[in-house]
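Read through the structure below, which is laid out as structure tokens, and then see the notes.
2 protein chains.
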Amino acid sequence: MTKTKIDISTEEKLKEAARAVFTRKGYAATKVRDIASEADINLSLVNYYFRSKEKLFELIMAETIQKLFDKIKPIINDESTTVTEKIERIVDHYISMLIETPDLPLFIVNEVMSGSNKLLQMTNNGKLFLNSHFAKQLMALQEEGKIQFHPVNVMMNTISMVVFPFLMRPLILRSGALDSEGFIKIVKERKKLIPVWMAGIMNL
Amino acid sequence: MTKTKIDISTEEKLKEAARAVFTRKGYAATKVRDIASEADINLSLVNYYFRSKEKLFELIMAETIQKLFDKIKPIINDESTTVTEKIERIVDHYISMLIETPDLPLFIVNEVMSGSNKLLQMTNNGKLFLNSHFAKQLMALQEEGKIQFHPVNVMMNTISMVVFPFLMRPLILRSGALDSEGFIKIVKERKKLIPVWMAGIMNL
DNA sequence: AGATGTTTTAAACATTTGTTTAATTAAATT
DNA sequence: AATTTAATTAAACAAATGTTTAAAACATCT
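Chains as they are written, first to last, in the numbering used here: chain R, 1 to 204; chain L, 1001 to 1204.
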């Protein structure tokens, strides 16, 4: 019996299509037939390769979240950087990523709201942040009186200011206030601005 | 011929159920049967009162968006208040509203991403903001050099910092970092903090 | 080439789901 | 009270949708 040899190209094409459609339309609105036709591949092969729509979704989800945290982990645990430097790197990395995949935030947020625990599992119940060097630095800042509020606000504000514009992007574009390039220009400028604003907020 | 007299109670119960389920699960994941059983009312009555699932959704959507902008309009056009006072009022109003209906942001954001133009229609293509007294004040601030960035960043940051925590709420709660009351405590504190932070960002 | 295992295809299946129908009950009007 | 109109119900329908089946095409190995 030979080792199962599958055509990577087909499986990968389907995964790529699934990623695209799931991300764009969400789980419920995505039909298996959408994925198949997006990949231009026979309907049955979706089940052949991934057993079920749900299994395929979970696979995509896990990979997406993995990719989301792989880069952030070393940044928030780097003991050689200051709080502001960490924020600079986080902001830079995520804005770059989101320019490439602007639909990602809704995908994640939907997953969060729909009650799945994938994200929590992958962040070790949020302890990835709570136990990070970054968190320790923030608590130190609080103790020396630089910040008079819960350190969680720092993370909230940073992620908010990075991610939210992408959630509003379709609205902004369709309103005509900015075009696609104008939007990218603004968010790229925010790469520099957000760390400065955050430094101000923390009295640094 | 008498004026159609319908049992308000039934229609209203269905609308309330629809609002709840649509908001919680989104359009595609909501089944007409979910709405009927949430309202504990016969399935057929959904079509009897609202013609179709889509019509019902549009009705809920329009009402929601209406409610969303009714309050903000006078605030951003009040010529007697400063930029910071306006931000204080916006932040206070929306955080209060979101504490009552924490699922609202996802509902809106989904609607935005799914390509509907309801929101744009209701904001007169975003001109509600662009032509507001608030926008004029921000442009003045830019001209006198207080802010060296596109004024749209002010609105982006304010809304981001107000709304985003509610999008992350399920994750935060399930992570155990905060409980339901702890979350409310934090966002209530942010009512005071966000205007201060924004003032800092604008060098006010 | 023939045998064996893998991938692809078209068709069919069983559920789910939005909507309609036709009959019944309740309310309003004359 | 009789008649008309509105509201409610259970059943049925048709289309959509996730999944399976069985046969064909393709590849690999002896």
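Ideal Cβ positions, reconstructed from N, Cα and C, are used throughout, including at glycine.
Is the shortest distance between the beta-carbon of residue i and the beta-carbons of chain L less than 8 angstroms?
i: R/LYS133; result: Residue identity differs from the one stated: residue 133 of chain R is His in this sequence, not Lys. It does not; no Cβ of chain L falls within 8 angstroms.
i: R/PRO170; result: yes
i: R/ARG19; result: no
i: R/GLU143; result: no
i: R/GLU54; result: no
i: R/ILE76; result: no
i: R/GLU12; result: no
i: R/PHE149; result: yes
i: R/ILE99; result: no
i: R/MET139; result: no
i: R/LEU68; result: no
i: R/PHE22; result: no
i: R/PHE164; result: yes
i: R/ILE186; result: yes
i: R/THR2; result: In this predicted model, R/THR2 has a pLDDT of only 34, less than 50, meaning its place in the structure is not dependable; the value taken from the coordinates is given anyway. By this cut-off, R/THR2 is not an interface position.
i: R/VAL91; result: no
i: R/LEU106; result: yes
i: R/VAL109; result: yes
Per DSSP, what kind of secondary structure is residue i in: helix, strand or coil?
i: L/LYS1003; result: Residue placement at L/LYS1003 cannot be trusted, given a pLDDT of 37 that sits under 50; what the coordinates show is reported in the next sentence. L/LYS1003: coil per DSSP, three-state reduction.
i: L/ASP1078; result: coil
i: L/LEU1138; result: helix
i: L/ASN1203; result: coil
i: R/GLN66; result: helix
i: R/HIS133; result: helix
i: R/PHE149; result: coil
i: L/LEU1193; result: helix
i: R/ILE172; result: helix
i: L/LEU1178; result: coil
i: R/THR101; result: coil
i: R/ARG51; result: coil
i: L/ASN1042; result: coil
i: L/LYS1031; result: coil
i: R/LYS71; result: coil
i: L/ASN1124; result: coil
i: R/ASN157; result: helix
i: L/SER1096; result: helix
i: R/GLU16; result: helix
i: L/SER1009; result: helix
i: R/ASN110; result: helix
i: L/SER1116; result: coil
i: L/GLU1144; result: coil
State yes or no: is the C-beta of residue i within less than 8 angstroms of the C-beta of residue j?
i: L/THR1023; j: L/LEU1104; result: yes
i: L/ASP1078; j: L/HIS1150; result: no
i: R/LEU106; j: L/VAL1109; result: yes
i: R/GLY182; j: L/GLY1200; result: no
i: R/ALA39; j: R/LEU59; result: no
i: L/MET1122; j: L/ILE1076; result: no
i: L/PHE1069; j: R/PHE164; result: no
i: L/ALA1028; j: R/ALA28; result: yes
i: R/LEU130; j: R/MET202; result: no
i: R/SER80; j: L/SER1160; result: no
i: L/MET1061; j: L/GLU1111; result: yes
i: L/GLY1115; j: R/GLY26; result: no
i: L/LYS1071; j: L/HIS1093; result: yes
i: R/ILE87; j: R/ILE184; result: no
Compute the beta-carbon to beta-carbon distance between residue i and residue j, rounded to the nearest angstrom, for a pair I have assumed lies under 8 angstroms.
i: R/ILE194; j: R/VAL162; result: 7 angstroms
i: L/LEU1204; j: L/LYS1127; result: At roughly 26 angstroms, the Cβ-Cβ gap does not stay under 8 angstroms, so L/LEU1204 and L/LYS1127 are not in contact.
i: L/VAL1021; j: L/LYS1053; result: So it is not a contact: roughly 11 angstroms between Cβ atoms.
i: R/ASN153; j: R/MET198; result: 10 angstroms between Cβ atoms; not a contact.
i: L/LEU1056; j: L/ALA1018; result: 5 angstroms
i: R/ILE95; j: R/LYS191; result: 5 angstroms
i: L/VAL1083; j: L/GLN1137; result: 5 angstroms
Please report whether the beta-carbon of residue i lies at a distance below 8 angstroms from any beta-carbon of chain R.
i: L/ALA1062; result: no
i: L/SER1037; result: no
i: L/MET1113; result: yes
i: L/VAL1083; result: no
i: L/PRO1195; result: no
i: L/ARG1033; result: no
i: L/ARG1190; result: yes
i: L/MET1161; result: yes
i: L/SER995; result: There is simply no residue 995 of chain L to check, as chain L begins at 1001 and stops at 1204 in what is shown.
i: L/LEU1204; result: no
Whether or not the stretch 169-187 of chain R and the stretch 1159-1170 of chain L are in contact is what I'm after, with contact meaning three or more pairs of Cβ atoms, one per stretch, closer than 8 angstroms; do they touch? no
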